[in-house]
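Structure, as structure tokens:
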Amino acid sequence: MNTKQLEKISKALFFISSLVSIGAVLLICIFIFSGAAPALGKIGIFKFLLGTQWKPNNDPQKFGIFYMIIGSIYVSAGAIVMGVPIGILSAVFLAKFCPKKLYVLLSQAVSLLAGIPSIVYGFFGMMLIVPFIAEHFSGNGNSLLAASVVLAIMILPTVITISENSLRALPSSYYEGAVALGATKEEAVFKVMLPAAKSGIVTSVVLGIGRAIGETIAVGMVAGNSNILPVSIFKSVRTLTVNIVSEMGYASDLHYDALIATGAVLFVFILLLNMLLGVLTKGGTKA
Amino acid sequence: MKKIIMAVLSCVIAAGSMAGCGTAAEKSQGQTTQKSSFDASSEITVISREANSGTRGAFDELMKIVVEENGQKVDKLYSEAVLVDSTDAVSSKVEVDKYAIGYTSLGSVTDKVKALTVDGIEATAATVKSGQYKISRPFVLATKGDGNALSKDFISFVTSNQGQKAVEEKGFIKLDGAKDYTSAGLSGKLTLSGSTSVEKVIEKLKEEYIKLNPNVSIEITYSGSSAGIKDVTEGKVDIGMSSRELKDSEKAVLTPTIFAHDGIAVIVNKENPLNGLTSAQITKIFTGEQRTWSGADK
Amino acid sequence: MRKIKSTVLRVLSYLAIAITFFALLSIVLYICVNGVPNLSLSLIFGKFSSDNPSMRFAIVTTVVLVILALVVSVPIGLGCAIYLTEYAPQTSKIVRAIRLATETLAGIPSIIYGLFGALFFGTALKMGYSILSGVLTVAIMILPTIIRTSEEAIKSVPDLYREGSFGLGAGKLRTIVKIIIPSAANGIFSAVILSVGRIVGETAALLFTLGSVAKMPSSIMDSSRTLAVHMYISTRDGGMAGRKVAFATGVILIVIVTLINIFTLYLSKKAGKMNEN
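Protein chains in written order, with the numbering used here: chain A, 1 to 287; chain B, 1001 to 1298; chain C, 2001 to 2277.
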């Protein structure tokens, strides 16, 4: 075999391996959506999406995931409301105010937070956060609030790391210029740098939403999982992911298909978020 | 620069002391559990299992949570009930929640929760066996048709004296009139799948069986009764494990063998002063008709 | 007034980082305080039985799963990264499609991977609950991490190296194998480490593919549990003994994650030094 052939073959191999991810995405789409089709056909798309009752033990069974869609949105929103400000402020601290010696410790802490398995978060939430809410606020603690708090902690590393990187990526002239014009250090950071790093920060938020909406195990251990419309943050809530993971083992026939369909709905949410992310990062590179 | 370091240090110290408070709060919570400040007018936290769990299936039927209305089955479970997906999660939730009520396999009741009497009868192996304690269900091993030689041999072991000893050891109710088992010296791989409630006893049975039949390997997946029945029907595994009786449609293809009985204990937090409920009260609580503990002791 | 505002902002950022640190501290402390007393040699290395739910088999399964997933995923991911940086015209449609696909994969939650793995590897390819099915599922899951991180590493190799190699008459393949991959080795290695972290912490995707059999696996067609799955299952049906195991396993998981982090820090420091030279 001569060098030319070898070059050709290797190029082909590299090309093929880069097609694997496209293949994987296509396969995932095909299998999730075709797995969802029978249930959607039998139940009816609108009945499934807008139905408020999920009663696999009824005869005839009822499968509607409307409250769970709302639940997933509420829980992620709660996580964002709590996690994002803390995350961005932490990123500001790490990027601008942090003494060098402390930096190693704190940035390690952030990456450790990212590496802790979700089952650990769930267990922590179940044994400490849920009883804490029951003791000091109202309700039994298994609640939208508990799920949001756990998720807020879980999205912190995503938000912090990406926001910090985008703050650091800014040319130092932004900061120096602002200070030279008489701004205080804090004004330079919050009024000049943060707006300039907007696209990176928004990206971090979108990724955070993705992580929150897709989280399964930890949420299931603290959210209470009742299929109701949570009218207060102290009420129980059920998300799409929890619906899948907790019933998958027990399900058969239409129930099983309905759970795959739940996964498909979640998948559509994720794809929409990805598209949003695509638009945002594109805007970011232009600016 | 110094100022910054000071500020940061103070923050770290603050965080540290917060952590201290956290653990202190934890401790004080532990203490309140002993000191009893049970407020009977509080709302009951109803804890149930996920739909299709074998335990829930049996509980729902016996306590009339799922009822027939106009020829349709309707699940009346209180809509705000906390749903958990495993036996232990029920105990964990009850353990940390003063106002909680849940139900769990009799063999899984720990000393961190309190089991209630139902209609005045205590939940014990003896009362379940005598039929006085009403909330109970069978543990079933199901094979397709008669099953292969290995499954048959395993089932004959499970229902034998040696197998039933393990059943009793793990806190479940054994069968009467079991015979002795002698190993037929079989070899091969046996696969089982199904109910999470039977895990404790079936793991023990597996160990004992392998001691007698060292050439057999056994693989067990715990996925839930319905999944186990589905797996054995589809031929994915040799034996399905169920913690409820098989439905008629399932009996058409599968051969069930009951190998133990299990009581379902109704459990509450240790701080709850209540010691017993009637079945009617339990039904009311689990369907959401009765929302506070103050009504329950009447 | 401006000064007050500035101070408030600064204090807020101190507070934020304090909360972040406090959250981490309380989680780690809680798991360690409850877990460390339960750690024993027999629990870690003993034989699994219903009386001693040891994690030995789970450690073995975790190691096997991680190695096999890397064996599948690293060559593919690296190949893709090389294609994207060294061969493909940056604006072509196919490159855009590959990037879109990679980003999509990165955003898919593990529960969807689990569903897909069960439907495709488990049912359609008839692998059932097995290590193989779990391996292939997590291999796809870590692919985007490997592609992106190694792409960054390869991109950071100065063009001078390439030009030098070409100038000496080396072909493209030779340049890649002898010059680019060794220079990017640190970055590629951190991609591997990041992926290891992701696999070790994974539960949802493995429940439906690897299954949860508590047994030392004898072949890759057997079902077993990784440490994270073992911890999950232990919190479900093991009673008080199970809870002890859960905490103990949690400690082991945190230790592994910490080690991984220290290792990545070390690598990035090394890489930083290399860039300075």
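Beta carbons: idealized from backbone N, C-alpha and C, even for Gly.
As the structure is a prediction and not an experimental result, all values here were calculated from the model.
Counting C-beta neighbours from all protein chains within 10 Å, is the total for residue i 16 or more, i.e. buried, or is it exposed?
i, result
"Pro117 of chain A", "buried"
"Phe2208 of chain C", "buried"
"Lys1093 of chain B", "buried"
"Pro2144 of chain C", "buried"
Identify whether residue i lies in helix, strand or coil by the three-state DSSP scheme.
i, result
"Asp1060 of chain B", "helix"
"Tyr1103 of chain B", "strand"
"Phe1259 of chain B", "strand"
"Thr2062 of chain C", "helix"
"Thr161 of chain A", "helix"
"Arg2174 of chain C", "helix"
"Leu2055 of chain C", "The identity of residue 2055 of chain C in the sequence shown is Met, whereas the question assumes Leu. Three-state DSSP puts Met2055 of chain C in coil, outside helix and strand."
"Tyr958 of chain B", "There is simply no residue 958 of chain B to check, as chain B begins at 1001 and stops at 1298 in what is shown."
"Asn1269 of chain B", "strand"
"Leu2168 of chain C", "coil"
"Thr203 of chain A", "helix"
"Gln2090 of chain C", "coil"
"Glu2152 of chain C", "helix"
"Ile1264 of chain B", "strand"
"Gly1016 of chain B", "Residue placement at Gly1016 of chain B cannot be trusted, given a pLDDT of 45 that sits under 50; what the coordinates show is reported in the next sentence. The answer is helix: DSSP assigns Gly1016 of chain B an H, G or I state."
"Val279 of chain A", "helix"
"Phe1154 of chain B", "helix"
"Val1118 of chain B", "strand"
"Asp1075 of chain B", "strand"
"Val1253 of chain B", "coil"
What first and last residue would you give for the beta strand (DSSP E) that runs through residue i?
i, result
"Ala954 of chain B", "Examination of residue 954 of chain B is not possible in this model, given that chain B is present from 1001 through 1298 alone."
"Ala1115 of chain B", "Val1113 to Ala1115"
"Glu1043 of chain B", "Segment: none, Glu1043 of chain B is in no beta strand (DSSP E) and carries neither H nor E."
"Glu1219 of chain B", "Val1216 to Tyr1222"
"Met1241 of chain B", "Ile1239 to Ser1242"
"Thr1191 of chain B", "Gly1188 to Gly1194"
"Val1066 of chain B", "Val1066 to Glu1069"
"Leu1083 of chain B", "Val1082 to Val1084"
Using CA atoms only, rank isn't needed, just tell me which of the options is closest to residue i.
i, options, result
"Ala1166 of chain B", "B:His1261, B:Lys1204 and B:Gly1131", "B:Lys1204"
"Pro1214 of chain B", "B:Gly1171, B:Gly1263, B:Tyr1099 and B:Leu1150", "B:Leu1150"
"Ile2199 of chain C", "A:Leu128, A:Lys198, A:Ile43 and A:Ala114", "A:Ala114"
"Val150 of chain A", "A:Met68, A:Phe123, A:Leu277 and A:Glu164", "A:Phe123"
"Ala1100 of chain B", "B:Ser1130, B:Ser1195 and B:Val1046", "B:Val1046"
"Gly177 of chain A", "A:Ala36, A:Lys62, A:Val205 and A:Met193", "A:Met193"
"Gly214 of chain A", "A:Gly200, A:Leu19, A:Ile73 and A:Lys4", "A:Ile73"
"Ile2111 of chain C", "A:Ala261, A:Leu276 and A:Thr184", "A:Ala261"
"Asp253 of chain A", "A:Leu13, A:Ile16 and A:Lys42", "A:Lys42"
"Val120 of chain A", "A:Ile153, A:Tyr103, A:Gln5 and A:Ile88", "A:Ile153"
"Tyr1133 of chain B", "B:His1261, B:Ser1294, B:Asn1272 and B:Thr1110", "B:His1261"
"Ser2212 of chain C", "B:Ser1223, B:Ile1218, B:Gly1177 and B:Ile1258", "B:Ser1223"
"Asp1111 of chain B", "B:Gly1288, B:Thr1124, B:Ser1091 and B:Val1128", "B:Ser1091"
"Asp1231 of chain B", "C:Val2072, C:Thr2123 and C:Arg2096", "C:Thr2123"
"Lys2215 of chain C", "C:Asn2034, C:Leu2041, C:Phe2057 and C:Asn2038", "C:Phe2057"
"Tyr2083 of chain C", "C:Leu2043, C:Ala2101, C:Ile2154 and C:Leu2105", "C:Ile2154"
"Ser1197 of chain B", "B:Ala1252, B:Val1216, B:Asn1052 and B:Arg1291", "B:Asn1052"
"Leu40 of chain A", "A:Tyr174, A:Val20 and A:Lys62", "A:Lys62"
Which residues bound the alpha helix (DSSP H) around residue i?
i, result
"Leu2015 of chain C", "Arg2002 to Gly2035"
"Gly122 of chain A", "Ser118 to Phe124"
"Gln1164 of chain B", "Asn1161 to Glu1169"
"Ala12 of chain A", "Thr3 to Ile43"
"Arg2198 of chain C", "Ala2185 to Val2200"
"Gly71 of chain A", "Phe66 to Val92"
"Gly1228 of chain B", "Ser1225 to Thr1233"
Which residues of chain D have a Cβ atom closer than 7 Å to the Cβ of residue i, listed in chain order?
i, result
"Asp59 of chain A", "Although the question refers to chain D, the structure presented lacks it and instead comprises the protein chains A, B and C."
(request) Identify each residue in the region 2220-2249 of chain C for which the Cβ-Cβ distance to at least one residue of chain A is less than 7 Å, and report them in chain order. (result) For the region 2220-2249 of chain C, which is checked against every Cβ of chain A, the residues closer than 7 Å are Ala2228, Met2231, Tyr2232, Thr2235 and Ala2246.
(request) Using a Cβ-Cβ cut-off of less than 7 Å, list which residues of the region 221-246 of chain A approach chain C; keep chain order. (result) Answer in chain order: Thr241, Ile244 and Val245.
(request) Return the residues of the region 1033-1056 of chain B that lie within a Cβ-Cβ distance of less than 7 Å from chain A, sorted by chain order. (result) Hits within the stretch, in order: Thr1045, Glu1050, Ala1051, Asn1052 and Ser1053.
(request) Could you list the residues in the region 1174-1203 of chain B with a C-beta less than 7 Å from some C-beta on chain A, going in chain order? (result) Of all residues in the region 1174-1203 of chain B, none has a Cβ within less than 7 Å of some Cβ in chain A.
(request) Output, in sequence order along the chain, the residues in the region 2186-2212 of chain C whose CB is closer than 8 Å to any CB in chain A. (result) Per Cβ criterion, the list reads Gly2197, Val2200, Gly2201, Glu2202, Thr2203, Ala2204, Leu2207 and Phe2208.
(request) Mind checking the region 1219-1242 of chain B against chain C and listing, in chain order, the residues whose C-beta falls within less than 7 Å of any C-beta there? (result) Those residues of the region 1219-1242 of chain B that come within reach of chain C (Cβ to Cβ, closer than 7 Å) are Glu1219, Ile1220, Thr1221, Tyr1222 and Lys1236.
(request) Determine which residues of the region 108-140 of chain A have a Cβ less than 9 Å from any Cβ of chain C, and write them out in chain order. (result) The residues in question are Gln108, Ala109, Val110, Ser111, Leu112, Leu113, Ala114, Gly115, Ile116, Pro117, Ser118, Ile119, Val120, Tyr121, Gly122, Phe123, Phe124, Met126, Met127 and Leu128.
(message) Any C-beta of chain B within less than 7 Å: which residues of the region 2106-2137 of chain C qualify?
(response) In summary, the residues of the region 2106-2137 of chain C whose CB is separated from some CB of chain B by less than 7 Å are Gly2128 and Tyr2129, in the order they occur in the chain.
(request) Give the residues from the region 25-57 of chain A that approach chain B closer than 7 Å (Cβ to any Cβ), ordered along the chain. (result) The residues in question are Lys55, Pro56 and Asn57.
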